[in-house]
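Visitor:
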Amino acid sequence: MQTLARNQVYPGAIAVDSGDVYWLNTGSQGGDDFCSSSDGTLMKLAAGTTTAVTLTTQLQGATDLTVQGGRAYFATWGAYCKYPSSAVGSVFEYDGALKTRAMDLWEPDHVVVDATTLYFESVTDLNTRTIVIGALPK
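In terms of the numbering used here, the sequence shown opens at residue 461 and continues consecutively.
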């Protein structure tokens, strides 16, 4: 086993694109209380390097991650995991430009992309745990 990074703060979701490795650190609260932290980060270790770089900071309750074509897409559950602060966002790895893709979601998760579309799921009814599948242009 090769260790890629040490001393991360509750690392979570992980993704690979063109040999580069990306992961989310959920932040200092971590564990079951990950929603209350505001110091989550999106990290990248480029292929052939030994030092990870931070692509973006202050992610609250970061839950899922996917990467394609130099853009990392992620879901966050927001401050204390309460509506309406949860969102799906993206960051362009070359300039760090952060973009909110969808807001006012409840517990967004399972972010995936194809050539043209960003997909995610979000709860729409907490009592019945009804799930909606969202789709947005990349």
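Quick reminder that beta carbons are idealized off the backbone N, C-alpha and C, glycines included. Model, not experiment: these values are computed from the prediction.
Looking at Val-548 and Val-571, is the spacing between their C-beta atoms short of 8 Å?
Guide: Taking 8 Å as the Cβ cut-off, Val-571 and Val-548 qualify as a contacting pair.
Visitor: Look at the alpha carbon of Lys-504 and the alpha carbon of Leu-596, and state the distance between them as a whole number of angstroms.
Guide: 25 Å
Visitor: Are the beta-carbon atoms of Ser-546 and Ala-532 separated by less than 8 Å?
Guide: no
Visitor: Can you tell which of Ala-522, Arg-561, Val-481 and Asp-477 has the C-alpha that lies nearest to the C-alpha of Tyr-470?
Guide: Ala-522
Visitor: On the premise that Gln-468 lies in contact with Asn-485, defined as a C-beta separation below 8 Å, what is that separation, rounded to the nearest angstrom?
Guide: Contact check for Asn-485 and Gln-468: beta-carbon distance about 5 Å, within the 8 Å limit, so the pair qualifies.
Visitor: Let me confirm a value: Ala-575 is counted as buried when at least 16 other C-beta atoms fall within 10 Å, else exposed. Which label applies?
Guide: So Ala-575 counts as exposed.
Visitor: If you follow the beta strand (DSSP E) that Pro-597 is in, where does it begin and where does it stop?
Guide: Pro-597 -> beta strand (DSSP E) spans 590–597.
Visitor: For Ala-473, count neighbouring C-beta atoms within 10 Å of its own C-beta (all shown protein chains included) and say buried if the count is 16 or more, exposed if not.
Guide: By the 10 Å Cβ count, Ala-473 comes out buried.
Visitor: Tell whether a beta-carbon distance below 8 Å holds between Leu-519 and Gly-500.
Guide: yes
Visitor: Where do the ends of the beta strand (DSSP E) carrying Gln-468 lie?
Guide: In this chain, Gln-468 is not harboured by any beta strand (DSSP E), its DSSP state being neither H nor E.
Visitor: Short of 6 Å in beta carbon distance, which residues of its chain neighbour Pro-568, apart from the five on each side in sequence? Order them along the chain.
Guide: Ala-535, Ser-546, Val-548, Phe-580 and Ser-582
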